[in-house]
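Trainee: Next up is a structure, given as structure tokens.
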Amino acid sequence: MTTATSAEERLYLERAAKAERWRELGFNPFGNGFVPDALAGDLHARFDNSASDVLAADRPGPFSLGGRVVGLRDFGKAAFLVLEDRTGTLQVHVKRDVLGETPYEAFKAVDVSDFVGVRGHLFKSKTGELTLAAQAFVPITKALRALPGKFSKGDDAEAKAWAERQALADVEDRYRRRYVDMLSNPSVRDTFRKRSRLIQCVRRFFDARDYLEVETPMMHALASGATARPFRTHHNALDLDLCLRIAPELYLKRLVVGGFHRVYEINRSFRNEGLSTRHNPEFTMLEFYQAFATYEDLMALTEELLAEVAMEVCGSAQVRFGRDLLDFSGPFRRIAMRDAVRECVPALAKSDLSDCAEIMAAAMTGKPAAGHANIEKMNAGQLLALNFELHVEPTLIQPTFVTEFPIEISPLARRSDKNPRIADRFELFCAGREIANAFSELNDPVDQEARFRAQLEAKAAGDGEAMDFDADYIRALEHGLPPTAGEGIGIDRLAMLLTDQQSIREVILFPLLKPRAVEGDEKQSPEHAAE
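For the sequence shown, my numbering gives the first residue as 2, with consecutive numbering after it.
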């Protein structure tokens, strides 16, 4: 048995023994029923600016607080602990002669990360810190495992060294045990608070504009609404093969046909693709649709949305992301895909972008077209998009609307009236990544049927991301879809930008990870593992 394992097991058993000590003293180590009547943050807001002599005279309280012990200094017959609740921390002063013998004996069995309840009056310590003088103390929950990097009174040098080593565990450990990550790193909790504010702001934004929030199915009989490889599953009761949704688009547009002319959904979608710092197979997306609007209307709406969200989450429309200062105040730059490629690919600067061999050669120059095994089968539109992905996308740092997408890569978008080879579509790029995708919707059922058949041909030729043919959606269009514009925004990527995180896993509470070969410590308690 290794020293590290021995230290972890001893810490666990020592804490379990202290839980039994609480029971001997008449306290349930996993109790319930304690209800605080105050919060640490509120008390700081009310009394931090009060002078010490004023507090000494007024003795505000009594207040009761409950929370986790995150700091502990023991002086024998008295001690200071730091209690953390959902609003912040507050110092607590504990004295044997005030609490009484039994409660103080229970306090002596407290460890860092235990939950306790206290009740008392406020005063300022000699260092000027707002402090609660505890007149009552109640053990609530014994934490049987120590937090990484934390140790308690009485822990020996070996145990302390183990705790310190655990604080330096690899980044995957943080994702696997997010609960510990959040307890050890307050900045992680702040990231997810910001993500929550982001979603709340999005809802307020669309609710204020008379959009209806809806929920659509997560299990689909067909893979549709986007070009992506789906996850497959089987419904036993119906004996039906299904896939997890890759996008809610076609259901939302059915709702527009049905009379809901402004709808949005904050949805979970699933795409069976690779993982990277920007891709997670399970992700959150905002999709919204507005009748009697064009993709150009949505560009203006998107500028308003992102400016408002940035102000809500970051307090400014200028947001620091890595070394860049992103400006969401608008208006954003707008450029056609063809013009962007000509700017960034010298070999195509004067090309009319119709020669497949010429565009393919440019795609293969400088940067390898990795992951595109079927490049020889690509048409001019697909090759143009590939050049954009390889050569242009990484250069788009400030928010930029890219327009005039080839119709070949836009199977659900309306053709431009000015040029049938391009779609009335834009994608929003920022910090070198796609944030949003939008277009004026294709509402011609004949054209849509032809596009679906082209997708079937691509699937038959080996394209695993091509869409299925959705005959019911064609039927819905035949009932009449009003002129409509729709957009999808990646919530996870937007959260990355607004919290200055370089990996998508930092903004997903529990990202999917490959199981480790040995996880015995997660399946059994240390005392069983030792047998």
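Ideal Cβ positions, reconstructed from N, Cα and C, are used throughout, including at glycine.
Please say whether T404 and R434 have beta carbons closer to each other than 8 Å?
Mentor: No. Outside cutoff.
Trainee: With distances taken Cα to Cα, identify the nearest neighbour of M338 among I408, P332 and E288.
Mentor: The residue with the shortest Cα to Cα distance from M338 is I408.
Trainee: Over the uninterrupted alpha helix (DSSP H) stretch that includes G42, give me the two end residues.
Mentor: Counting along the chain, the alpha helix (DSSP H) containing G42 begins and ends at A41 to F48.
Trainee: So, do the segment 276–291 and the segment 502–521 have three or more beta carbon pairs nearer to each other than 8 Å?
Mentor: Flag = yes, the segment 276–291 and the segment 502–521 touch.
Trainee: Quick check on the DSSP output: the beta strand (DSSP E) that includes S65 runs from which residue to which?
Mentor: Looking at the DSSP string, the run of the beta strand (DSSP E) that includes S65 is F64 to D75.
Trainee: Which same chain residues, not among the five before or five after K19, have their C-beta less than 6 Å away from its C-beta?
Mentor: Closer than 6 Å at Cβ, skipping near neighbours: A110.
Trainee: State the Cα-Cα distance for the pair D43 and T88, rounded to the nearest angstrom.
Mentor: Their Cα atoms are separated by approximately 8 Å.
Trainee: Using CA coordinates, which residue listed in P218, M219 and R204 is at the minimum distance from Y212?
Mentor: Out of P218, M219 and R204, R204 has the C-alpha closest to the C-alpha of Y212.
Trainee: Report yes or no: do three or more beta-carbon pairs, one from the segment 243–254 and one from the segment 321–331, lie closer than 8 Å?
Mentor: Cβ pair count under 8 Å is below three, so no.
Trainee: Whole beta strand (DSSP E) runs in the segment 385–445 with 3 or more residues, listed along the chain?
Mentor: Runs found: 401–407, 423–431 and 434–441.
Trainee: Mapping DSSP to helix, strand and coil, what is F152?
Mentor: Residue confidence for F152 is low, a pLDDT of 47 falling below 50, so the modelled location carries little weight; the figure read from the coordinates is stated next. F152: coil per DSSP, three-state reduction.
Trainee: Kindly identify the DSSP beta-bridge partner or partners of N186.
Mentor: None; N186 has no bridge partner.
Trainee: Mind listing, in chain order, the continuous beta strand (DSSP E) runs of no fewer than 3 residues lying wholly within the segment 213–277?
Mentor: Listed in chain order, they are 233–236, 241–245 and 263–271.
Trainee: Under 7 Å Cβ to Cβ from Y105, same chain only, skipping five residues before and after it: list those, please.
Mentor: These residues qualify, in order along the chain: R97.
Trainee: As a quick exercise: from V447, E488 and G489, pick the residue whose alpha carbon is nearest that of A477.
Mentor: Cα-wise, what sits closest to A477 is V447.
Trainee: What does a CB cutoff of less than 6 Å around Q525 pick up in its chain, not counting 5 residues either side in sequence?
Mentor: In this prediction, Q525 scores a pLDDT of 44, lower than 50, which makes its location untrustworthy; the coordinate-derived value is nonetheless stated afterwards. Hits under 6 Å: none found.
Trainee: Do V113 and F138 have their beta-carbon atoms positioned less than 8 Å apart in this structure?
Mentor: Contact: no.
Trainee: Quick check on this structure: which residue in K78, V70 and L40 has the alpha carbon closest to the alpha carbon of G62?
Mentor: It is L40.
Trainee: Is V447 helix, strand or coil when you go by DSSP?
Mentor: Reduced to three states, the DSSP call for V447 is helix.
Trainee: Under 7 Å from any heavy atom of the ligand NAP, does the C-beta of E458 make it?
Mentor: Although the ligand NAP was asked about, the structure shown includes no ligands whatsoever.
Trainee: Less than 8 Å between the CB atoms is what I'm expecting for R335 and Q291, so what's the real figure, rounded?
Mentor: Not quite, the Cβ-Cβ distance comes to about 19 Å (not below 8 Å), so this is no contact.
Trainee: To which residues of the same chain is E1 closer than 7 Å at the C-beta, ignoring the five residues directly before and after it?
Mentor: Absent from the model: residue 1. The displayed extent of the chain is 2 to 532, so no value can be given.
Trainee: Using the C-alpha atoms, what's the distance from E10 back to R166?
Mentor: Low confidence applies here, because R166 scores a pLDDT of 49, under 50, leaving its location unreliable and the question unanswered by this model.
Trainee: Just list the residues that DSSP pairs A292 with in beta bridges.
Mentor: Its beta-bridge partners are T485.
Trainee: Do L384 and E442 have their C-beta atoms closer together than 8 Å?
Mentor: Not closer than 8 Å, so no.
Trainee: Going by beta carbon distance, what residues of the same chain come within less than 6 Å of Y474, once the five residues before and after it are set aside?
Mentor: Here the set comprises L251.
Trainee: Can you find the residues in the same chain that come closer than 8 Å, C-beta to C-beta, to T401, ignoring five residues on each side of it along the sequence?
Mentor: For T401, where only same-chain residues beyond five positions count, the Cβ hits under 8 Å are F333, R334, R335, I336, L429, F430 and C431.
Trainee: Contact check, F389 vs V320 under 8 Å by CB: the rounded distance?
Mentor: Actually they do not touch by this definition, with Cβ atoms about 25 Å apart.
Trainee: Assign E377 to one of two classes, buried (16 or more other C-beta atoms within 10 Å of its C-beta) or exposed (fewer than that).
Mentor: Exposed, because fewer than 16 other Cβ atoms sit within 10 Å of the Cβ of E377.
Trainee: Quick check: what's the CA-CA separation for A147 versus L26?
Mentor: Using only the alpha carbons, I get a separation of about 23 Å.
Trainee: Whose C-beta lies closer than 7 Å to the C-beta of A57 among residues of the same chain, with five residues either side of it excluded?
Mentor: Excluding residues within five positions, the ones whose Cβ falls inside 7 Å are F124.
Trainee: Can you check DSSP and say which residues form a bridge with H94?
Mentor: H94 pairs with F81 and A134.
Trainee: Three or more beta-carbon pairs under 8 Å between the segment 408–419 and the segment 447–457, yes or no?
Mentor: They touch, by the three-pair rule.
Trainee: G382: which of V393, M361, I398 and P395 sits nearest, CA to CA?
Mentor: The shortest Cα separation from G382 among V393, M361, I398 and P395 belongs to M361.
Trainee: From what residue to what residue does the beta strand (DSSP E) around D174 run?
Mentor: Taken as a continuous stretch (DSSP letters only), D174 belongs to no beta strand (DSSP E), being part of the alpha helix (DSSP H) at V172 to R177.
Trainee: Is I490 helix, strand or coil when you go by DSSP?
Mentor: Note: I490 maps to strand in three-state DSSP.
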